[in-house]
Every structure is written in structure tokens, then in C-alpha cells.
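Please read the structure below before turning to the comments.
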Amino acid sequence: MKLLTKSLIAGCLLFAGVAVAKEGVQDPTVKARMDLMGSIGMNVRVLGDMATEKVAFDAAAAAAAQQALVAASADIAAKFEPQATDPVSEAKPEIWSNWDDFVAKAQALNTAATNLGAASLDDVKAGMGAIGGTCRDCHSTYRM
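What the sequence shown shows, in mature numbering (1 follows the signal peptide of the UniProt record, and there is no 0), is residues -21 to -1, 1 to 123, in sequence order.
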């Protein structure tokens, strides 16, 4: 189970490149999207580091990360709706040609984040598999 959790979390850590990639972004709409995805990635990392026991479990930090993840994931569709592009963007054009599927994937992340329990280490470990799966599913289809 630990290996599975680590693998799923690794899929979400693809967000880590967002912070570096957004340097040089020119389009403000794309920058807002990248900032949102960076926030999601940061909060997934907080939870993932606890789930893999890289850091000690902290219920308050887990709850804050879970709440921030719920809020940010609820904003994905709104941030991606404008079809803005930028040379540093990693968003594939298929997002807009398969809009309903993209929105469903974003909603799946929001559902997984909402359902993640943050009261105990076991709760976080149990919920991170679903979060990692939604990250990987969306990124494998819609991220360059």
C-alpha cells in the first residue's frame, strides 16, 4: 500500500514544475491558471509528504491543506474556460475540444479532495490514492 500511495502522489508532484514554468508567462489568464495549479500542487505536496511520512502528521496543517485543495479545485473550470494560450503553458488544446471531459476530471479532483479526511494520518493516507489518481488522469490527457 505504501508503494501505491507513493506512486499516486508522484503523479501529483508533476505540479512541481508549474512554479518554474510560470516564470516568463505573458498572458495574465494563463498565469492565473498556473498560479491555481501551483496552489493545488503545493497543498497536494503537504498532504503527500504526510501520507508518505516524510514529515510528521499535523492535523491542523492537513485540514488547512485539504480545505485549500477543495477551494482551488472548485475553481479549475472557471480558470480554464477562457481559451488563452502562452508559449510556457502546458495546457493542451484538447482541454477546450473535450471541455465536458476536462470539467468532469476537475470535478473528480474536487470530490476526492472533499472526501479526504484530515483528522488522522490513516485518513490522509486513504484519501491520497484518489487524489493522485485524479491528478494523473487529467495530466495524462490534458497536460503537455
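No residue lacks a Cβ here, since even glycine has one placed at the ideal position from N, Cα and C.
Local Cβ density within 10 Å of residue 57, reported as buried at 16 or more and exposed below that: Exposed.
Report the CB separation of residue 3 from residue 82 in whole angstroms; it is logged as a contact under 8 Å. Going by Cβ atoms, the distance from residue 3 to residue 82 rounds to 28 Å, so no, they are not a contact pair.
Run of the alpha helix (DSSP H) containing residue 54, from where it starts to where it stops: Run containing residue 54: none; DSSP gives neither H nor E here.
Please return the same chain residues whose Cβ sits closer than 7 Å to the Cβ of residue 89, not counting the five positions on each side in sequence. Only 49, 52, 53 meet the Cβ criterion.
Proximal residues to residue 109 (C-beta, below 6 Å), its chain only, five neighbours per side dropped: Closer than 6 Å at Cβ, skipping near neighbours: 91.
Determine the burial state of residue 113: buried for a count of at least 16 other Cβ atoms within 10 Å of its Cβ, exposed for fewer. Label assigned to residue 113: buried.
Classification of residue 70 by the beta-carbon crowding that lies within 10 angstroms, buried from 16 upward: Buried, by the Cβ-count rule.
Are the region 25 to 44 and the region 59 to 66 touching, with three or more C-beta to C-beta distances below 8 Å? The region 25 to 44, when compared against the region 59 to 66, does not touch it at the 8 Å Cβ threshold.
Assign residue 94 to one of two classes, buried (16 or more other C-beta atoms within 10 Å of its C-beta) or exposed (fewer than that). Exposed.
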